[in-house]
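Taken in sequence, the protein lines are chains W and F. Count the first sequence with full-length UniProt numbering and you get residues 1 to 560, in order. Count the second sequence with full-length UniProt numbering and you get residues 1 to 75, in order. Cβ coordinates follow ideal geometry from the N, Cα and C atoms, glycine included. All figures in this text were calculated on a predicted structure; none of them were measured in a lab.
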Amino acid sequence: MLSTYVYPHFDYLTPAELHGGARRRHPVIVVGAGPVGLATAIDLAQQGMPVLLLDDDASVSVGSRGVCYAKRTLEVLDRLGVGDRCFAKGVSWNVGRTFFREHEVYNFQLLSQPDHKRPGMINLQQYYLEEFLVRRAQELPGIDLRWQNRVVGVQQEGQDGEGGVTLQVETPDGVYALACDWLIVADGARSSIRRMLKLEVEGKVFMDRFLIADVVMKADFPAERWFWFDPPFHPGQSVLLHRQADNVWRIDFQLGWQADPDEEQKPEKVMPRIKAMLGEDREFELEWVSVYTFQCRRMSSFRQQRVLFVGDAAHQVSPFGARGANSGIQDADNLVWKLKLVIDGQAPDSLLDSYGEEREFAADENLLNSTRSSDFISPKSKTSLSFRNAVLTLARKYPFARALVNSGRLSVPAFLCGSSLNTHDGEAFNGQMWPGAAMDDAPIREQGRDGWLLDAVGEHFMLLCSVDDPAAVNASTMAVFSALAAAPVPVEAVLLASGGGAAGAGLRVFEDCRGRYAERYDARPGTVYLLRPDQHIAARWRRLDAAAVAAALTRAIGKH
Amino acid sequence: MSTLITEANFGAPGEHYLRSFTPGDDFYEALLDAHRDLSDAQSELLNARLILLLANHIGDLGVLREALHIAREEV
């Protein structure tokens with residue numbers, strides 16, 4: 001039992017269907033109230049979509065699971081209304097240090113520049129994230145969250161699944177049936193729905209074991225990620241140290257494939273390992289111990305007709321790089337706006353194929369990077385160990401070897417540059433805000449109030465138009481903006497100006513108060529960016545062209 | 001006379017990398033892949049052959065002597 005956290009209990013209520021309530025067909029059912037399922041349901045509800053969320057448990061996840069939440073995840077959580085709570089409770093960090101035997105060989109900085117709202121990472125126990133998301137979900141009228149509702153049967157109906165999906169759901173009061181148009185599966189790595197639908201997930205088990213020990217202690221180590229290769233206190237293996245909320249510290253010991261998981265979890269085995277690391281005099285309490293292995297694999301297709309897989313149900317990676325939960329949250333971010341447009345009849349069904357296309361691409365990048373990290377951390381032959389140690393001995397003095405040290409390539413959003421939703425650049429731009437990129441943040445000022453670009457955009461399509469003088473926007477440009485705002489899929493135009501100022505006709509103006517927008521987006525007066533509802537770049541130009549914007553929008557909603 | 005490059009130098013002509021670690025990681029993976037399923041003795045032979053091929057490609061004896069010197073420093 002944890003000493004620092006009390007698990008909330010969420011009440012089960014008998015579903016209306018089980019006491020004679022009318023059966024109706026739900027537009028969307030989400031299965032699994034972990035971080036990804038909750039994020040999906042909240043996003044749908046925020047966009048005005050009623051959603052039924054089912055979970056087989058009655059609390060948050062038990063024990064120590066996800067820890068590191070990346071900048072991009074925090075930006076999505078901001079949009080979902082829980083960013084501040086996570087940030088306030090979590091431990092922010094930007095610096096990672098890597099040691100080999102007694103010496104530091106390499107360190108990295110996650111954010112190379114200031115002027116971002118969120119840090120590179122926060123560390124926060126997963127149960128806090130889930131609890132904050134549950135509280136948020138309970139605030140939203142559109143979410144029907146049902147605890148202790150376990151899906152025991154699933155079937156796609158009609159030809160090509162056009163008839164939607166029916167579920168059999170087991171509760172303490174018996175089994176009942178549900179029907180929906182769309183099913184979102186967020187039931188985790190051992191997805192029972194994936195198994196019931198007989199869908200394969202391809203990949204491999206990684207042949208190594210790791211011991212997690214969460215300890216409570218007062219320590220003034222800096223809030224940084226520390227990673228040791230072959231340290232004197234745990235020879236021949238690696239160790240990772242992270243600070244979490246409530247003075248809980250995560251220590252992750254590599255054990256090797258031969259280790260006996262039951263034996264290794266015994267306090268008499270764990271305590272000496274920790275004392276060897278922290279010193280005999282350090283006072284601490286054991287909060288949680290477990291031994292884990294991991295798999296690197298993904299489903300070949302995240303979309304199965306009317307069933308959409310998100311998070312660990314769709315893909316699993318090694319923990320090195322924090323690419324699991326972080327990529328799952330981005331799945332939700334990518335999927336929800338598309339599903340909403342399709343349900344509303346404003347985009348073709350094929351827009352949902354782009355969910356698979358984009359997130360399978362991102363999953364492959366996550367699998368590639370986390371597999372490479374695992375291969376570096378856990379060499380599988382005498383030769384790979386020799387190369388690994390050679391890199392580490394060279395790294396202290398020679399920069400090229402530092403770049404090869406791989407203790408985890410930490411989660412950053414994939415650049416979806418190959419996506420079929422993008423419109424390719426016709427003009428030259430510097431920087432990294434290519435079509436398909438997740439937007440970089442920048443400080444802005446709106447109506448005299450300081451804020452952040454990423455808090456001011458998203459949930460619908462937007463057009464950022466850089467101008468010299470917001471008051472000087474001419475009538476024909478205003479007519480273009482009005483037409484975009486009134487289109488079936490509306491686009492909100494906003495002006496960006498280095499000096500701020502007021503515009504006519506209720507047009508919003510973002511003042512690029514520190515010049516970071518101009519710098520990060522290579523923007524100058526005339527530059528126009530078309531933004532997707534998930535804060536990704538759809539297209540950009542050096543001057544406003546109504547026909548080009550219309551064509552790019554059509555493409556970005558899958559009509560081409 | 002050229003000197004040994006010890007700054008990060010991996011890449012492919014005309015290729016643009018989104019993350020600076022990617023070309024180095026690409027090389028490292030290719031290196032480990034080359035050794036896959038070989039015995040230790042076979043790997044040793046592969047390494048020796050690889051060094052000879054790369055040394056000939058570099059050619060410049062000054063650069064090679066510098067590399068030999070650094071390689072021996074912490075052995």
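- When the beta-carbon positions are compared, residue 288 of chain W and residue 377 of chain W stay at least 8 Å from each other.
- Residue burial is scored here from C-beta neighbours: residue 260 of chain W has fewer than 16 other C-beta atoms within 10 angstroms and is therefore classed as exposed.
- By the neighbour-count criterion, in which 16 or more other beta carbons inside 10 Å mark a residue as buried, residue 9 of chain F falls on the exposed side.
- Taking a C-beta cut-off of 7 Å against chain F, the contacting residues of the segment 390 to 405 of chain W are 393, 398, 399, 400, 403, 404, listed in chain order.
- Taking every protein chain shown into account, the CB of residue 267 of chain W has fewer than 16 other CB atoms within 10 angstroms, so this residue is exposed.
- At a cut-off of 8 Å between beta carbons, residue 266 of chain W makes no contact with chain F.
- Collapsing the DSSP output to three states places residue 185 of chain W in a strand.
- Excluding sequence positions up to five before and after residue 28 of chain F, its CB lies less than 8 Å from no other CB in the same chain.
- Residue 362 of chain W carries a helical assignment under DSSP once its states are collapsed to helix, strand and coil.
- One Cα belongs to residue 129 of chain W, the other to residue 75 of chain W, and the distance between them is close to 14 Å.
- Boundaries of the alpha helix (DSSP H) around residue 139 of chain W: 126 to 139.
- The continuous alpha helix (DSSP H) containing residue 478 of chain W extends over residues 475 to 486.
- Taking 7 Å as the Cβ-Cβ cut-off, the segment 24 to 50 of chain F approaches chain W at 24, 25, 28, 29, 31, 32, 35, 40, 43, given in chain order.
- Membership of residue 271 of chain W in the alpha helix (DSSP H) is indicated by the continuous run 267 to 278.
- With contacts defined as CB atoms closer than 8 Å, residue 234 of chain W and residue 210 of chain W fail to qualify as a contacting pair.
- With respect to chain W, the C-beta atom of residue 9 of chain F has a partner C-beta closer than 8 Å.
- Listed in chain order, the non-local C-beta contacts of residue 33 of chain W below 6 Å within the same chain comprise 53, 55, local neighbours out to five positions each way being set aside.
- In chain order, 25, 28, 29 make up the part of chain F whose C-beta sits under 8 Å from the C-beta of residue 372 of chain W.
- In this structure, DSSP gives residue 204 of chain W an extended state, which the three-state scheme calls strand.
- For residue 293 of chain W, no alpha helix (DSSP H) run applies; the uninterrupted beta strand (DSSP E) run containing it begins and ends at 285 to 299, by DSSP.
- Annotated three-state conformation of residue 3 of chain F is coil, per DSSP.
- Residue-level contact by beta carbon fails for residue 71 of chain W and chain F, as no gap is shorter than 8 Å.
- Contact check for residue 546 of chain W against residue 467 of chain W fails: the beta carbons are separated by 8 Å or more.
- Residue contact with chain F for residue 415 of chain W: present (Cβ-Cβ distance below 8 Å to some residue of chain F).
- Contacts with chain F (Cβ-Cβ distance below 7 Å) from the segment 503 to 523 of chain W involve no residue at all.
- Within chain F, the C-beta atoms nearer than 7 Å to that of residue 382 of chain W come from 40, in chain order.
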